[in-house]
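Some notes on the structure that comes next.
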Amino acid sequence: FTMSLFVYCIGSMYCLVKFAPLFLAVAVCNGWLFGDFVGKRSELDEISLWPLPQKFQSSAVAFKLSPARFQIVQAKQSSAGPSCSILENAFRRYFEYIFGDLKKPEKSRKKVYDSDLVELQVWVTSADPECDGFPSLQTDESCEFFPSASVLHCAVTSMLSNPMNDRQRLETFSQLVYEDDYGVNNINKTDISDFPRFAHRGILLDSSRHFLPLKVILANLEAMAMNKFNVFHWHIVDDHSFPYMSRTFPELSQKGAYHPFTHVYTPSDVKMVIEFARMRGIRVIPEFDTPGHTESWGNGIKDLLTPCYSDSSPSGAFGPVNPILNSSYDFMTQFFKEISTVFPDAYIHLGGDEVDFSCWESNPDIQRFMVQQGFGTDYSKLESFYIQRLLDIVAATKKGYMVWQEVFDNGVKLKADTQIHVWKGRPQYQDEMAQVTAAGFNALLSTPWYLNRISYGQDWVNIYKADPQNFTGTDAQKKLVIGGEACLWGEYVDATNLTPRLWPRASAVAERLWSDKSVTDVDNAYNRLVQHRCRMVKRGIPAEPLFVGHCRQEYKGL
1 FTMSLFVYCI GSMYCLVKFA PLFLAVAVCN GWLFGDFVGK RSELDEISLW
51 PLPQKFQSSA VAFKLSPARF QIVQAKQSSA GPSCSILENA FRRYFEYIFG
101 DLKKPEKSRK KVYDSDLVEL QVWVTSADPE CDGFPSLQTD ESCEFFPSAS
151 VLHCAVTSML SNPMNDRQRL ETFSQLVYED DYGVNNINKT DISDFPRFAH
201 RGILLDSSRH FLPLKVILAN LEAMAMNKFN VFHWHIVDDH SFPYMSRTFP
251 ELSQKGAYHP FTHVYTPSDV KMVIEFARMR GIRVIPEFDT PGHTESWGNG
301 IKDLLTPCYS DSSPSGAFGP VNPILNSSYD FMTQFFKEIS TVFPDAYIHL
351 GGDEVDFSCW ESNPDIQRFM VQQGFGTDYS KLESFYIQRL LDIVAATKKG
401 YMVWQEVFDN GVKLKADTQI HVWKGRPQYQ DEMAQVTAAG FNALLSTPWY
451 LNRISYGQDW VNIYKADPQN FTGTDAQKKL VIGGEACLWG EYVDATNLTP
501 RLWPRASAVA ERLWSDKSVT DVDNAYNRLV QHRCRMVKRG IPAEPLFVGH
551 CRQEYKGL
């Protein structure tokens, strides 16, 4: 007799009935309930799912998983085949997560119990599994599991829409596995119904203020997958440095990076980040913020920035992108044409925030342009003039765009599918969310989730309590909220402290964006988050502690 877990996939790998529930159950077969089961620990101690599924029920019925017997494979009927890299990569990764501390042969359990769960089979039936595709805002992350049993065979059949769902499913499965007091891996009979509350669940990392080595970015993509984040917002350049190596304009990084060879992201680096993220169901959305935040751009592109004046003479300083020169728009056309081919996601973040008007106000050429255009002295109209032309340039590349809220606030004409990123108004961001959604635009929230703001104590609690739909508006407005992002700006963060500062505080955002709106119990969240933080540490993520205490794996010297 054997125990098997079947994962059954149907339809296009990128479509399934919206909000189809997930039911994950470890089947009970032929009366095996507690055969050879020893060292049972409390469910609260061992099963700490994060983020919390939509519905979750666990029983004391338990089965064992032995690294010598258990395997994750594709079913013989699967249409994906062994060349489906997303699935095969996930199988290897999660097997190691489950049995990571039992990799050495001398530590592996040799005895096979009647109650062993020996196989997880993934069955993909769609004619085109789209194993080489990329996740998107429309990717359906819901799924279904169906338990079945017979005298000689037990199985749980799962219906999932694409390989990205398999990553979510394997993460949940791995979190259900726990080690008892005797070192045996167990999994309890569990029913789970799951799907994300919001489609956009992101992390912003800033690689301009401090250069972030590739290994740091990849490690945090791994941590994002553990927390079911699905968007990496890469704030790749800013005033301080331009580490993106452009094939079209190589002088941008040659003259704008902290170092032209060591502190840059080559085309192969960028490709690696995108592929590493794809394997984990994570979108990569780059941000190239203009017309402000562009000081580093001017080092490599002559006449791109506005010359500032003092007492009617050039001061030698430069301000935002010069919005009155055709050459500025010619450059942007070529540059964003390249960006649209390098980054496969349907969206690019165009920034548009914090434009300092003082340099524009000092420049006599711009002053004359303002008069000619009838803008008077309202330089927000000049900003809107620039942004409108930029949006037209990006739209021509067939890309959608995200912008910071100032672009909306200044009345720029926007496409209907524009995503407005709310970051200001702390703590009165609710009014902005109401205004954006009342205008019919998709909104995502970051205001309460600027994780670069730190304080003594458990600041994750306020992070956890913030809700992107907590504003006065209609149900139709609430549906326009697509999610949010935790942002870690880099003024005081580099490779030495980024990961522990981000995790597990970002995990609080992850649950708010994934779990049901009713999941608000801070005490329950604390108990689960403490265990989840220990799980991340065990997997190699140096997440900081929430409070005093210890992790169980410390007993083993980990």
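Residue 1 is where the sequence shown starts when you use UniProt numbering, and the numbers rise one by one after that.
Think of the CB as a built atom: it goes at the ideal place given N, C-alpha and C, for glycine as much as any other residue.
None of these values were measured; they are calculated from a predicted model.
(request) Assuming residue 481 contacts residue 433 (C-beta within less than 8 Å), just tell me the rounded distance between them. (result) Here residue 481 refers to the residue found at position 481 of the sequence shown. Here residue 433 refers to the residue found at position 433 of the sequence shown. Contact between residue 481 and residue 433 holds: their C-beta atoms lie close to 7 Å from each other, under 8 Å.
(request) Would you tell me roughly how many angstroms separate the C-alpha atoms of residue 351 and residue 290, rounded to the nearest one? (result) By 1-based counting over the sequence shown, the position of residue 351 is 351. By 1-based counting over the sequence shown, the position of residue 290 is 290. Cα-Cα distance, rounded: 6 Å.
(request) Report all residues from its chain with a CB closer than 7 Å to the CB of residue 548; omit the five preceding and five following residues, and keep chain order. (result) Residue numbering aside, residue 548 sits at position 548 when the sequence shown is read from its first letter. Beyond the five residues adjoining it in sequence on each side, residue 548 comes within less than 7 Å, by CB distance, of no other residue in the same chain.
(request) Would you kindly work out how many angstroms separate the C-alpha atoms of residue 184 and residue 529, rounded to a whole number? (result) In the sequence shown, the residue the question calls residue 184 occupies position 184. In the sequence shown, the residue the question calls residue 529 occupies position 529. Spanning the alpha carbons of residue 184 and residue 529 requires a straight line of approximately 23 Å.
(request) Just list the alpha helix (DSSP H) runs in the region 387-472, keeping only unbroken ones of 4 residues or longer that don't cross its boundaries, in chain order. (result) Entirely contained in the region 387-472, the alpha helix (DSSP H) runs reaching 4 residues are, in chain order, 405-409, 429-438, 460-465.
(message) Assuming residue 134 is part of the alpha helix (DSSP H), what are its boundary residues?
(response) Position 134 of the sequence shown, counted from the start, is the residue given in the question as residue 134. Segment: none, residue 134 is in no alpha helix (DSSP H) and carries neither H nor E.
(request) Would you decide whether residue 559 is buried or exposed? Buried here means 16 or more other CB atoms lie within 10 Å of its CB. (result) Nothing can be reported for residue 559, as the shown portion of the chain is limited to 1 through 558.
(request) Count the other CB atoms, across all protein chains shown, that sit within 10 Å of the CB of residue 253; report buried if there are 16 or more and exposed otherwise. (result) Along the sequence shown, one-based indexing puts residue 253 at 253. Its Cβ being crowded by 16 or more others within 10 Å, residue 253 is buried.
(request) Would you mind working out which of 218, 192, 178, 227 sits nearest residue 201, comparing C-alpha positions? (result) Working through the sequence shown from its first residue, we reach residue 201 at position 201. Checking every option, the nearest Cα to that of residue 201 belongs to 227.
(request) Out of 499, 469, 534, 460, point me to the one whose CA is closest to residue 523's CA. (result) Taking the sequence shown and counting its residues from 1, one reaches residue 523 at position 523. Minimum Cα distance to residue 523 is reached at 460.
(message) Taking 8 Å as the threshold (C-beta atoms), are residue 196 and residue 514 in contact?
(response) For the purposes of this step, residue 514 is taken as the residue at position 514 of the sequence shown. For the purposes of this step, residue 196 is taken as the residue at position 196 of the sequence shown. Yes, these two residues count as a Cβ contact at 8 Å.
(request) Work out the CA separation of residue 367 and residue 199 for me, nearest whole Å. (result) If you number the sequence shown from 1, residue 199 lands on position 199. If you number the sequence shown from 1, residue 367 lands on position 367. In a straight line, the C-alpha of residue 199 is about 44 Å away from that of residue 367.
(message) Check this for me: beta carbons of residue 395 and residue 413, under 8 Å apart or not?
(response) The sequence position of residue 395 within the sequence shown is 395, counting from 1. The sequence position of residue 413 within the sequence shown is 413, counting from 1. Against a cut-off of 8 Å, the Cβ pair of residue 413 and residue 395 comes out as no contact.
(message) Tell me which residues share the same chain as residue 531 and place their Cβ nearer than 6 Å to its Cβ, disregarding the 5 neighbours each side in the sequence.
(response) Within the sequence shown, residue 531 is the residue found at index 531, counting from 1. Counting only Cβ-Cβ distances below 6 Å, and skipping sequence neighbours, we find 48.
(request) Identify every run of the alpha helix (DSSP H) within the region 40-97, keeping only runs that are complete inside it and at least 4 residues long; order them along the chain. (result) Along the region 40-97, the alpha helix (DSSP H) occurs as fully enclosed runs of 4 or more residues at 43-46, listed in sequence order.
(request) Indicate whether residue 294 and residue 260 have their beta-carbon atoms separated by less than 8 Å. (result) Within the sequence shown, the letter at position 294 stands for residue 294. Within the sequence shown, the letter at position 260 stands for residue 260. Annotated as distal: residue 294 and residue 260, with beta-carbon spacing of 8 Å or more.
(request) Measure the Cβ-Cβ separation of residue 347 and residue 435 and say whether it is below 8 Å. (result) Taking the first residue of the sequence shown as 1, we reach residue 347 at position 347. Taking the first residue of the sequence shown as 1, we reach residue 435 at position 435. Taking 8 Å as the cut-off, the beta carbon of residue 347 is found no closer than this to the beta carbon of residue 435.
(request) For residue 207, count neighbouring Cβ atoms within 10 angstroms of its own Cβ and tell me buried if that reaches 16, exposed if not. (result) For the purposes of this step, residue 207 is identified with residue 207 of the sequence shown, where counting begins at 1. That one is buried.
(request) Look up residue 513 in the DSSP assignment and say whether it is helix, strand or coil. (result) Here the question's residue 513 lines up with position 513 in the sequence shown. It is helical.
(message) On the DSSP bridge list, what partners appear for residue 358?
(response) Here residue 358 refers to the residue found at position 358 of the sequence shown. Within the DSSP bridge table, the entry for residue 358 names no partner.
(message) Please state whether the Cβ-Cβ distance between residue 331 and residue 301 is less than 8 Å.
(response) As a working mapping, residue 331 is identified with position 331 in the sequence shown. As a working mapping, residue 301 is identified with position 301 in the sequence shown. Using a Cβ distance threshold of 8 Å, residue 331 and residue 301 count as a contacting pair.
(message) Less than 8 Å between the C-beta atoms of residue 85 and residue 123, yes or no?
(response) Within the sequence shown, residue 85 is the residue found at index 85, counting from 1. Within the sequence shown, residue 123 is the residue found at index 123, counting from 1. No, these two residues do not count as a Cβ contact at 8 Å.
(request) Rank 387, 534, 326, 288 by C-alpha distance to the C-alpha of residue 303 and give the top, closest one. (result) For the purposes of this step, residue 303 is identified with residue 303 of the sequence shown, where counting begins at 1. The candidate whose alpha carbon is nearest that of residue 303 is 326.
(request) Confirm, please, whether the CB-CB distance from residue 120 to residue 72 is below 8 Å. (result) Sequence index remark: in the sequence shown, residue 72 carries index 72 (1-based). Sequence index remark: in the sequence shown, residue 120 carries index 120 (1-based). Against a cut-off of 8 Å, the Cβ pair of residue 120 and residue 72 comes out as a contact.
(request) Taking only the alpha-carbon atoms, compute the straight-line gap between residue 238 and residue 258 and give it to the nearest angstrom. (result) As a first step, residue 238 must be located in the sequence shown, where it is residue number 238. As a first step, residue 258 must be located in the sequence shown, where it is residue number 258. In this model, residue 238 and residue 258 are separated by some 12 Å (Cα to Cα).
(request) Could you please give the first and the last residue of the uninterrupted beta strand (DSSP E) stretch that includes residue 347? (result) Locating residue 347 in the sequence shown gives position 347, where the first residue counts as 1. Its beta strand (DSSP E) spans residues 347-349.
(request) Report the three-state DSSP secondary structure of residue 278 (helix, strand or coil). (result) Locating residue 278 in the sequence shown gives position 278, where the first residue counts as 1. In the structure shown, residue 278 sits in a helix (DSSP, three-state: H, G or I).
(request) Go to residue 318, then tell me how far its beta strand (DSSP E) extends in each direction, as first and last residue. (result) Taking the first residue of the sequence shown as position 1, residue 318 is located at position 318. It spans 313-321 - the beta strand (DSSP E) in which residue 318 sits, taken as one unbroken run.
(message) On the DSSP bridge list, what partners appear for residue 486?
(response) The sequence position of residue 486 within the sequence shown is 486, counting from 1. BP columns for residue 486 point to 203.
(request) Return yes when the C-beta of residue 91 is under 7 Å from any heavy atom of the ligand ATP, and no when it is not. (result) Only the bare structure without any ligand can be found here, which leaves the ligand ATP out of the picture.
(request) Within the same chain, show all residues whose beta-carbon is closer than 7 Å to that of residue 315, passing over the 5 residues directly before and after it, in chain order. (result) Against the sequence shown, residue 315 aligns to sequence position 315. Only 308, 309 meet the Cβ criterion.
(message) Taking 6 Å as the limit between beta carbons, can you name the residues of its chain near residue 353, skipping five residues before and five after?
(response) Taking the first residue of the sequence shown as position 1, residue 353 is located at position 353. Non-local C-beta neighbours of residue 353 in its own chain, meaning closer than 6 Å and more than five positions away in sequence, comprise 404, 406, ordered along the chain.
(message) Please return the same chain residues whose Cβ sits closer than 8 Å to the Cβ of residue 541, not counting the five positions on each side in sequence.
(response) Working through the sequence shown from its first residue, we reach residue 541 at position 541. Excluding sequence neighbours, residue 541 sits near 219, 222, 223, 226, 499, 503.
(request) May I have the straight-line CA-CA distance separating residue 236 from residue 388, to the nearest angstrom? (result) For the purposes of this step, residue 236 is taken as the residue at position 236 of the sequence shown. For the purposes of this step, residue 388 is taken as the residue at position 388 of the sequence shown. Rounded to the nearest angstrom, the two C-alpha atoms are 23 Å apart.
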